[in-house]
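Worksheet for the structure shown next.
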Amino acid sequence: MLLLPWKKGKTLTTVHAKGRSVSVVPQSMERGADAAARALDLVLASLEDSKAEDIVTINIAGKSALGDYMVVVSGRSSRHVMAICDHLVSDMKDDGLGNARVEGLENGDWVLIDAGDIIVHVFRPEIREVYNLEKMWAAPEIDEGTVLH
268 MLLLPWKKGK TLTTVHAKGR SVSVVPQSME RGADAAARAL DLVLASLEDS KAEDIVTINI
328 AGKSALGDYM VVVSGRSSRH VMAICDHLVS DMKDDGLGNA RVEGLENGDW VLIDAGDIIV
388 HVFRPEIREV YNLEKMWAAP EIDEGTVLH
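Note that our numbering has the sequence shown beginning at 268, numbered continuously upward.
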């Protein structure tokens, strides 16, 4: 049996309910920013398919060692938050992105999904307002030469 290496440019395509297709190369087969961008496309398509609300993507590459992107979304209720998360984890696993770590799924108020390059926060709207992660991460960048008073 001869095993051939993965050919560059070969992708897997998934078509979601809204008719939108997302091309994904398994993360184990590629590296760097392209892998994160493709994984982000998959995450956003899954969230849209689950009817997640107020989807905000924050590029944290270079700002944090946590990952490249942070995605913050809302579900209408605890049950909707849990359904969004179950669907997202299943889609990531089905598309070869591995098993994400999930915290907070029991309560459905705030669920954190750590998929390596992408961190997803799924909130109930009331809880999202309290923590306001978008505002915290949207702080302006400070140049090295700038002096703060």
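All C-beta atoms, glycine included, are put in the ideal place defined by N, C-alpha and C.
Straight-line gap, residue i to residue j (C-alpha atoms, nearest Å)
| i | j | result |
| --- | --- | --- |
| V291 | A303 | Interpretation of V291 is limited by its pLDDT of 43, a score under 50 that renders its predicted location unreliable; the figure taken from the coordinates is listed afterwards. The straight-line gap from Cα to Cα measures roughly 10 Å. |
| G334 | I394 | 23 Å |
| H347 | N374 | 12 Å |
| E320 | V338 | 12 Å |
| A367 | V356 | 7 Å |
| K360 | K402 | 30 Å |
| S331 | G363 | 25 Å |
Spatial neighbours of residue i in its chain, beta-carbon cut-off 7 Å, leaving aside the 5 residues before and after
| i | result |
| --- | --- |
| L372 | M349, C352 and V378 |
| D358 | L309 and S313 |
| L400 | V339 and H388 |
Rounded distance between the beta-carbons of residue j and residue i, thought under 8 Å
| i | j | result |
| --- | --- | --- |
| V369 | I380 | 5 Å |
| A306 | A382 | 7 Å |
Close-in-space but distant-in-sequence residues of the same chain around residue i (CB under 6 Å, 5 per side omitted)
| i | result |
| --- | --- |
| F390 | S341 and W377 |
| I325 | M337 and W404 |
| S317 | I351 and H354 |
| D384 | A303, A306, G334 and D335 |
| V323 | V339 and E401 |
Residues bridged to residue i [DSSP beta-bridge criterion]
| i | result |
| --- | --- |
| V387 | V338 and I380 |
| E373 | None; E373 has no bridge partner. |
| R368 | D381 |
- Message: Please give the ranges of any beta strand (DSSP E) in the stretch 313-355, keeping only runs that are unbroken, at least 3 residues long and fully inside the region.
- Response: Qualifying beta strand (DSSP E) stretches, in chain order: 320-326 and 336-341.
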